[in-house]
Structure formats: C-alpha cells, structure tokens
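So the structure is just underneath, and the comments pick up after that.
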Amino acid sequence: MAYERYLGDAYLNDAEIQAWCRALAQARPGWVTLTELGPTRGGRPILLLTLGKNDGHQDERPGFWLDGGTHAAEWTGVMAALYAVSQWIQRIDEGDADFIRWLTQHTITVLPNVSPDGYEAMIRGEPYLRSTLRPPQDGAARSGLDPSDLDGDGATRWMRWRHPAGPFVQDEEVPLFMRPRRLTDAPQDAFFMSFEGSLINWDGVHWTSAPTRYGLDLNRNFPAHWAPFSMFGQDGGRYPLSEIESRVMIDAFAARPMLSAGLTNHTYTGALLTQPYRQDSPMKDGDVTLMETLAKEAVEGTGYRVIRVCPDFMYDPKKSIVGVWADTMSSVFGVPGYTLELWNPYGHCGVEVPRPAEFFANPDPAVLRAMVRHFSAQPGATSPWRPFDHPQLGPVELGGIDYMRTIRNPPLAELRAECHRGFLVADRLRLALPRVQAQLVIQGEGSGPRLVQLQLENFGCLSSAGLARAEEVGAAPPVSALLELGPGLRLVHGAAEQAHAHMDGWGGARGFGAAHPIYPSLPPRGHRAGFVWCVEGHGTITARWRGGRGGRGAIEARIA
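Under numbering that gives the first Met the number 0, the residue at position 82 of the sequence shown is numbered 81, and the numbers go up by one with no gaps.
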C-alpha cells in the first residue's frame, strides 16, 4: 500500500489503519518513526507514530501526545488522529517553513487506535462493547438478553414486543421513537424494549438484561485515583493497568519524559474536558486555571465547549470519576491532559443538552424524540419497525437508529468536518509546549581564569516542568547543567554539575493572576536559569544541559 492522505472520507478497519501507518512511516522516514506495542489478546499490534526530525535527537525535544480509540465504539477519535497526522505531513510536504521549524524542535507522538481488538469487532458490526475483548471472569455465569444481530443486516438495532407490563409506548409524533410510559397510557399500548438479541441461560420466565460480555472500560483502568468501578454494566478492571492496552500505553508515555501535553480523542458531546476530576483534586488552582484557559483557546471557532469534569461532567455527583487517562496525564505525570469529546449529535439535531453526563442517566424524552425525528429524515440512518419471529419471545419488531453512525459517531457525510475540528484543537494545544534554548558565554582573556556562563531560557507557554503538579510529584526531568573539561583545563570555582529550579512559561502567569493587564506583575521565578563556573587553562569545554521538559542539549567551546 502506498501512502495517501487520510481525508476523513471513510471509517477504516484496523487492517487498513495498520497498513496506512506502515505506509506513512515507509514513505516519510525522515520525519516519521513507527513503533509496535502490544500485542493485544487478539494478537494485534498497537501502533505508535512519532513525528519529528529523525536525526537521533528526537528524545531530547519537548513532545505532544495524541491518541484515539480507547473506547471501541468511538471510531471518530481514531479517524481524527489519522486526519491530524495527515494534515501535519501535508504541511511538511508543502514546505511550511514555520511548521517544519517547529517539528525540528519538538515531536508529536500519536497512538491512533488504543483498543484495536474491540474497534475491529465493532467495525464488523458486533454488538456494543466498551473497550477491549477481555472475556468475563472465569466461572461467571451470564444470563438474560444478550445483544446480537438477529436478522443479519450488519447492525444491532432495537427490539420491541407488546406486553401490558411494558415500560415503553410508541410516540404519537415519531413512530420510531419509544417514549417512557405514562400513568394515563393504556396497557394494551405498552411495550418492552431492548437491543435486539437472544436470551442466554434463560429460565423461561424473567426478561432481564445479561451482564455486558465485554464490559471493561479502559478509561477507568489507569492509575489516577483508581478504585473499583461499576456503571452501566461496565467495570474498570480488577486493578489499575490490568489490561495490556492501558499498560503499554502508559509505559510508552512514561518512556518519553519530554512529553509536555496530551489529548485523548473520544465521542460524543462536542466538548473539551478539563480538570478538576473530583472535589478533592490534587491539582493546584493555578494548574486548573491554566488548563482551562488553554482549553478555551484551543476550541475557539470549533463549536466545542470547555467543561470541567467536576462538577459538570459527572454521571453521579456523589461519585468521583476514577482511573481516567487524561487525569492520569495531569495528576500522575504533571502535564496538561485533555479529553476531547468529538461530535455533538445534540447540536446536529438542533437541540441543546447543558449537562451531557447527567443527561445519560436522566435523559429528557423531548430531546431524544427530536433526535430520532431528525435522523429518521436522513436516508439510511434508521430502519422502520418490522416484524420478526423471535425463537424465544415469539412475535417481536426490530428497527431503530444506526447508533454507530448517528449518535456515537457522525454520519459519513459529516466525518471530515468533525475530524478537522478535532485537528484544530490538537494543532493549537501542541503550541503550548515549553521550549528551552541555551547560550554559552566565556569571559576573560590571556592566561588568567575564565568565567563560563550558561544561560537557559524558556520561550514556551508551559513551564519547563509542564504543570506545578509535575514538580510536586517529581515527575518532570530536572533543570541542570554539567561542565566537562578537556585536557589542559582545571575547574577553579563552581560544582561541575549544578541544578536549578524549573523555569516559568509565559502562559503560567495566568495561573496566578499575573497576566492581569490592569495590575501587571512579573512571575515568581522567571523564565531563565543560569549556571556559572570558573576555569583555568586552555582546551575544549562541553556544557551539557537539561531544561526539564523543554529540551536538552550540549554546547562545545574552545578556550584558547
């Protein structure tokens, strides 16, 4: 397969994604490196792309992280990651001098498809699953209705059957919509409703839903405040990083200490989620404010909102959200980590949902009716109710929305625009990275002592640590310098190796109020770090420096 730009014009399967990534790395070896992680339970590799000048110094530069596909049904996140890579490669191909200069000084690490097993299953039309194909626990008996594609049409839709004890009634305005039953509805109009499927281990009496076969939620399996989790038939694993996918992803992130910010693509809501994640958040107020400010800039013109997870994106206000990857990036690694909820089906259908997480648990039927009505008018988006002879239940009806291409992901005609909105967010967030540059000055003449001064200067938005949280937990590489002396030189004053506090970034002023244009002030530490030595003799010196997450390097000079 030859490399071609991904234009957001198709939902690719995992084999196509892998072929695309390999073709890109082969076609652009000077700028793209491909790494295989995994394999998964299903034997699939998890592919990691690194964009940056391949000159052997990629690991010395500040980096930006982007991923998609943590949840198997959220295809748009995967496609948006591929689209972003295509856009960045196009800039290189077109000779964009500013971007090429930036990419020689930074890296972008992209993990397009975190859960390839689950993703591929859902692309093939398997019933809804959350993330991976982790099987149920040994010995766990499952009974109840298990979703499946009964009629072989390639989608697992809805199923209904009349019964006077049913909790649903067909809507008077939108026949495809099943509204909640009211006290005044006649019993003969009532239905039971579920996803289409069969009753497994059925006792012949009870109509209940079976526990989800593949209920592992990978985005509850990360270290940040992990705790046992159960919701909507899903769980967060038996312990943090119990799953191959979460473990290899966090290992890849940890092995790249220069990563300074990250974005993880999900669906759906049309929002960029930011800190805090709980009432007792470990994140300092300055970090929370800075992250929210950057998020608002990142979504300008996209139509996306910025939402603080706590209190505005919590499914249950009494329960903290645990084990989340974006929270792990921030609270464990100390870098701004965001969740981008691509695609707003509510806005697409002309309705508003102010608190989307709360809406999942307590939906407004009027909003759902409007959505079903809207999608019913789009060709191929829905299937009308039609009779089906169920082997266990008898006469039932099958029909409903193509959930995967209407609500969970956009219809194909809307995919490119959604990918581009996601790209704009990622492309702006990468600009926040720290960037440290070094200058070496030697003073003195003749045979006397020479004063050697190394100055580091952070020109980036973020501090050389990323967030203050990184300094608190010791997650950031240090700011330090080492002076190496060649033959003929002697160190007179100053330790050969010296450490320095982290350097502020220009964006950090917003976190503590110093960016007030009426009451301006200077930051508490400043954006520079200085190192001084005194040497005697003649020869070559090498100053090796580390600027935290802002970069590292070496400068060589000759003292004559």
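Even glycine gets a Cβ: it sits at the ideal position worked out from N, Cα and C. Predicted, not measured: the structure shown is a model, and the values here were computed from it.
Along the chain, where does the beta strand (DSSP E) containing Thr266 start, and where does it finish? Leu258 to Thr266
If you follow the alpha helix (DSSP H) that Met370 is part of, which residue opens it and which one closes it? Pro364 to Ser375
Residues that DSSP places opposite Phe167 in a beta bridge: Pro179 and Phe190
Provide the residue(s) that pair with Asp234 in DSSP beta bridges, ordered along the chain. Leu215 and Ser229
Does DSSP put Leu499 in a helix, in a strand, or in coil? Contrary to the premise, residue 499 reads as His rather than Leu in this sequence. In the structure shown, His499 sits in a strand (DSSP, three-state: E or B).
Taking buried to mean at least 16 other C-beta atoms within 10 Å of its own C-beta, is Asp216 buried or exposed? buried
Jot down the residue ranges of each uninterrupted beta strand (DSSP E) in the stretch 363 to 451, minimum 3 residues, whole runs only, in chain order. 381 to 389, 393 to 400 and 435 to 442
Uninterrupted beta strand (DSSP E) stretches inside the stretch 52 to 108 (no shorter than 3 residues): 62 to 67
When DSSP builds the beta bridges, which residues end up paired with Pro146? Gly196
Where Gln573 and Thr292 are concerned, what is the direct C-alpha to C-alpha distance, given to the nearest angstrom? Past the boundaries of the shown model lies residue 573; the chain is included only from 0 to 559, so the question cannot be answered.
What are the start and end residues of the alpha helix (DSSP H) that includes Met328? Trp324 to Ser330
Once the 5 residues before and after Arg141 are set aside, which same chain residues still bring their CB inside 8 Å of it? Pro135, Ile199, Asn200, Ala209, Pro210 and Arg212
Find out if the Cβ-Cβ distance for the pair Leu149, His501 is shorter than 9 Å. no
According to the Cβ coordinates, are Thr338 and Gln377 closer than 9 Å? no
Alpha carbon to alpha carbon, what distance is there between Ala431 and Trp206? 53 Å
Does any heavy atom of the ligand MN sit closer than 8 Å to the C-beta of Val352? Looking at this structure, you won't find the ligand MN or any other ligand, since it has none at all.
Other residues of its chain near Ala356: CB distance less than 7 Å, five sequence neighbours each side excluded: Phe312, Met313 and Tyr314
Taking a contact to mean a Cβ-Cβ separation below 9 Å, would you say Met121 touches Ala71 in this structure? yes
Flag this pair as touching only if the stretch 541 to 551 and the stretch 433 to 452 have three or more C-beta atom pairs under 8 Å; answer yes or no. yes
Please classify Glu396 as buried or exposed, where buried requires at least 16 other C-beta atoms within 10 Å of its C-beta. buried
Can you list, in chain order, the residues of its chain whose CB lies under 7 Å from that of Arg90, leaving out five sequence neighbours each side? Phe98
Please say whether Ala437 and Trp544 have beta carbons closer to each other than 9 Å? yes
Touching or not, the stretch 27 to 44 and the stretch 107 to 127, by the rule of three or more beta carbon pairs under 8 Å? yes
Taking all protein chains shown into account, do 16 or more other C-beta atoms lie within 10 angstroms of the C-beta of Gln17, making it buried, or fewer, making it exposed? buried
Let me know the secondary structure DSSP gives Gly592 once reduced to three states. The requested residue 592 is not part of the displayed model; the chain covers only 0 to 559.
Extent of the continuous alpha helix (DSSP H) run through Trp19: Asp13 to Ala26
By a C-beta neighbour count over all protein chains shown, 10 Å radius and 16 as the cutoff for buried, is Leu11 buried or exposed? buried
Could you name the residues of the same chain whose beta carbon sits closer than 7 Å to that of Leu481, not counting the 5 residues immediately before and after it, in chain order? Ala495, Glu496 and Arg543
For Thr131, name the three-state secondary structure that DSSP assigns. coil
Gly55 versus Ile540 - alpha carbon distance: 23 Å
Find out if the Cβ-Cβ distance for the pair Leu466, Leu289 is shorter than 9 Å. yes
For Met290, three-class secondary structure by DSSP: helix
If you draw a straight line from the C-alpha of Gly203 to the C-alpha of Pro394, how long is it? 16 Å
Among the candidates Gly300, Glu299 and Lys295, whose CA atom is the shortest distance from the CA of Arg307? Lys295
Using 9 Å as the threshold, is the C-beta distance between Ile107 and Met248 below it? no
Drop a sphere of 10 angstroms on the beta-carbon of Pro344, count the other beta-carbons inside from all chains shown, and report buried for 16 or more, exposed for fewer. buried
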